[in-house]
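First to last, the protein sequences are chains C and S. According to the numbering used here, the stretch in the first sequence is residues 39 to 145, in order. According to the numbering used here, the stretch in the second sequence is residues 300 to 636, in order. Idealized CB from N, CA, C, for every residue including glycine. Predicted model only: the values in this text are computed from it and were never measured.
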Amino acid sequence: MTASKTDIANAKAQAHEWPLWEVFVRPKAGLDHKHCGSLHAADPKMALQLAREVYTRRQEGISVWIVRSDQIVASDPADKAMLFDPMEDKVYRHPTFYELPPEVGHM
Amino acid sequence: MYTQAMDTAPKEERVAIRNADEVVAEQAFEAALDNEDFIEAKDWMPEHYRKTLVRQISQHAHSEIVGMLPEGNWITRAPTLKRKAILLAKVQDEAGHGLYLYAAGETLGTSRDQMLDALHTGKAKYSSIFNYPTLTWADVGVIGWLVDGAAIMNQIPLCRCSYAPYARAMVRICREESFHQRQGYDALLTMMHKGTEAQRAMVQDATNRWWWPSLMMFGPPDDQSPNTAQSMRWGIKRISNDELRQKFVNATVEQARILGVSLPDPDLKWNESRGSYDFGSIDWTEFWQVVGGDGPCNKERLAERVDAWNDGEWVREAALAHARKQAARAAGMQQAA
Numbered sequence: 039m040t041a042s043k044t045d046i047a048n049a050k051a052q053a054h055e056w057p058l059w060e061v062f063v064r065p066k067a068g069l070d071h072k073h074c075g076s077l078h079a080a081d082p083k084m085a086l087q088l089a090r091e092v093y094t095r096r097q098e099g100i101s102v103w104i105v106r107s108d109q110i111v112a113s114d115p116a117d118k119a120m121l122f123d124p125m126e127d128k129v130y131r132h133p134t135f136y137e138l139p140p141e142v143g144h145m
Numbered sequence: 300m301y302t303q304a305m306d307t308a309p310k311e312e313r314v315a316i317r318n319a320d321e322v323v324a325e326q327a328f329e330a331a332l333d334n335e336d337f338i339e340a341k342d343w344m345p346e347h348y349r350k351t352l353v354r355q356i357s358q359h360a361h362s363e364i365v366g367m368l369p370e371g372n373w374i375t376r377a378p379t380l381k382r383k384a385i386l387l388a389k390v391q392d393e394a395g396h397g398l399y400l401y402a403a404g405e406t407l408g409t410s411r412d413q414m415l416d417a418l419h420t421g422k423a424k425y426s427s428i429f430n431y432p433t434l435t436w437a438d439v440g441v442i443g444w445l446v447d448g449a450a451i452m453n454q455i456p457l458c459r460c461s462y463a464p465y466a467r468a469m470v471r472i473c474r475e476e477s478f479h480q481r482q483g484y485d486a487l488l489t490m491m492h493k494g495t496e497a498q499r500a501m502v503q504d505a506t507n508r509w510w511w512p513s514l515m516m517f518g519p520p521d522d523q524s525p526n527t528a529q530s531m532r533w534g535i536k537r538i539s540n541d542e543l544r545q546k547f548v549n550a551t552v553e554q555a556r557i558l559g560v561s562l563p564d565p566d567l568k569w570n571e572s573r574g575s576y577d578f579g580s581i582d583w584t585e586f587w588q589v590v591g592g593d594g595p596c597n598k599e600r601l602a603e604r605v606d607a608w609n610d611g612e613w614v615r616e617a618a619l620a621h622a623r624k625q626a627a628r629a630a631g632m633q634q635a636a
C-alpha cells in the first residue's frame, strides 16, 4: 500500500506539531478532576504551564492533570450498545427496585 | 462571533450515501438530531456535516486569533495601568478562545497545522470585522461594546450546537465573553461622562465607524444565506442572521442613549407595530468587498499573522529538540540503572 499525497502532507505536518495533551482540572478540594479540553505542548512541563494559562485564568481549579492524548484508551462508540445496553434490564441493581413496607422507613 | 463562514461559503449539495452500513449510521445520526442529542467526536457523521463544522470551527478560531491584532495594537498605549491590565486580560482571553476552538476542530480529524496553513495561505477566512483599523483608544472601547456585543449574540445559540466539542468550547467562551463587552462599555462611559469634549468626540467618531461593520457581523440577509436551512437542521445555527441582527439593534439603541452617543443611521426609529427598531439598509457591497480580501486592513492583518508564525518557528523547533533530548536522557539513565 502506498501513502497518498494527503497522507504524506499530513505526516509532514505532524512531525513539526507539538504533541496533543488532555487537560483535567480539579475545581476545588473534595471534587474529582474533570476533563476540560486539550492543548499542544512539546513536553510535560510545558503542558502543565500552558494548561494553567489556557484553562485556569479565572481560578477554575486548584490542581491539574495532564496526559498525552495518544496514551488514552477509549471505548469505540460503535460498541456502545454491546457494552452498555445490557445494564438496562438489570433494574435490581437499583434500590428503587425493592418495595419495602412503609413502616421500615428510610433504608 | 464569526459565524460568517457558513454564509460566505457556496451552497453545497449532499453527497449520495453509498452502502447499507452508512444508511443505518445516517439514521442514527438523524435520530440524534431529532432528539436534540449531541454528536460526539468519534460518532459517525455525514462527511458534509464534518466538512461544514471544520470550516465553521476553524474560521471561528482564526477570527479569535486575528481578533487579537486590532486590540493588541493598543496594549502599550492604554491610558492607565488599570486599562492596560484589563486589555491584556481580554486579548489573552481571545488567544484562549482560539485555542479552545482549534482543539474542537482537531477532534474532527484535521490537524492544527492544516488549519493554520489554511489561514496563512488565505484559503480560510476569518470574520471581516477585524479588517477595519483601530485608530484611537475609543476604538478599543467600541470594539468591546459593539463587536463583542454582536459576537455574544451570535455565539450564545452555538452553546446548543449539535456537535458537542464545539458546544462545550462555546459554553466556556460565552462565560468569558461578557466581561469583554462590559469592560468596553465601562471605558466608554468613563470617557463620555468624565472626559473632555475631545474624548467624547473620539467616542462618537469610533461609534460612527464601527456601527455598520458590527451589523454586518451577523452575515448576509436571510434570503442571501444559502446554507441556513441545512445549518439550522444541524443545530449549528439556531437563529437567523436577520433575527439576530434585529435583536442586537433593539438592545443597543438604549445602551447608546445611556452612553450619550448617537448611532449613525438617520432611518433608525422605533416601529410600534413591529415592536422593534427599523434601521437603514446595510451596504452589502462593502461587506462582500471586505470578505473578498479588499478591506482596509486585510493584507496587514494576514501579513502580521504570518510573520508571527514564521518568527516563532525556531522556538517551536527548539522546544521539540529540548523535549527529545530530555526523553533520550531519561531513557539513558533508565538503561544505566
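With respect to the C-alpha of S/G592, the residue from S/D438, S/K422, S/E339, S/M414 having the closest C-alpha is S/K422. With a threshold of 8 Å between beta carbons, C/S76 makes contact with chain S. Neighbourhood of C/R95 in chain S, by CB distance below 9 Å: A388, Q391, D392, G395, E475, in chain order. Judged by beta-carbon spacing, C/G75 lies beyond the 8 Å limit of S/A360, meaning their Cβ atoms are not closer than that value.
At least 8 Å separates the beta-carbon of S/Q498 from that of S/G443.
The C-beta of S/H419 comes no closer than 8 Å to any C-beta of chain C.
S/D610 sits in a helix when the DSSP states are folded into three classes. Taking 8 Å as the CB threshold, S/R615 lines the interface with chain C. Three or more beta-carbon pairs drawn from the segment 530-546 of chain S and the segment 328-336 of chain S are found closer than 8 Å, and the two stretches are therefore classed as touching. Nearest Cα to S/M515 within the set S/S357, S/E393, S/G448: S/G448.
For S/D577 and S/F429, the gap between their C-alpha atoms comes out near 26 Å. Inclusion of C/A80 and S/A622 in the CB contact set at 8 Å is warranted, their separation being smaller than that value.
Between S/E475 and S/Q454, the CB-CB gap reaches or exceeds 8 Å. When CB distances to chain C are screened at a threshold of 9 Å, the residues of the segment 398-410 of chain S falling below it are L398, Y399, Y401, A402, A403, E405, T406, S410, in chain order. Secondary structure of S/I535 (DSSP, three-state): coil.
In the three-state reduction of the DSSP assignment, C/V61 falls in the strand class.
Listed in chain order, the alpha helix (DSSP H) runs fully inside the segment 354-400 of chain S are 367-371, counting runs of at least 4 residues. DSSP, read as helix, strand or coil, puts S/V560 in coil.
Residues of chain S whose Cβ lies closer than 8 Å to the Cβ of C/P115 are, in chain order, E339, K341, D342, W343. By the CB criterion at 8 Å, C/W56 and S/A618 fall inside the cutoff. With respect to chain C, the C-beta atom of S/L352 has no partner C-beta closer than 8 Å. Residues are counted here when their Cβ sits less than 7 Å from a Cβ of chain S; for the segment 81-92 of chain C these are D81, M84, V92, given in chain order. Put simply, the backbone Cα of C/L69 is about 10 Å away from that of C/V63. For the segment 464-497 of chain S, the set of positions with a beta-carbon nearer than 7 Å to some beta-carbon of chain C is empty. For S/L619, the chain C residues whose C-beta falls within less than 8 Å of its own C-beta are H54, W56, A80, listed in chain order.
In summary, S/V589 is buried, with 16 or more beta-carbon neighbours lying within 10 Å of its beta-carbon over all protein chains present. Per DSSP, S/V439 is one residue of the alpha helix (DSSP H) stretching across 436-441.
Pairing S/P512 with S/Y431 gives a Cβ-Cβ distance under 8 Å.
Annotation: S/A627 has no Cβ neighbours in chain C at a cutoff of 8 Å; minimum Cβ distance is about 12 Å.
If you draw a straight line from the Cα of S/V548 to the Cα of S/D504, it is about 19 Å long.
Within the same chain, no residue comes within 8 Å of S/A626 by CB-CB distance, once the 5 residues on both sides are set aside. By DSSP's assignment, C/V105 forms a beta bridge with C/E60. If you ignore the 5 residues before and after C/F135, its C-beta comes within less than 7 Å of the C-beta of V129, all in its own chain and listed in chain order.
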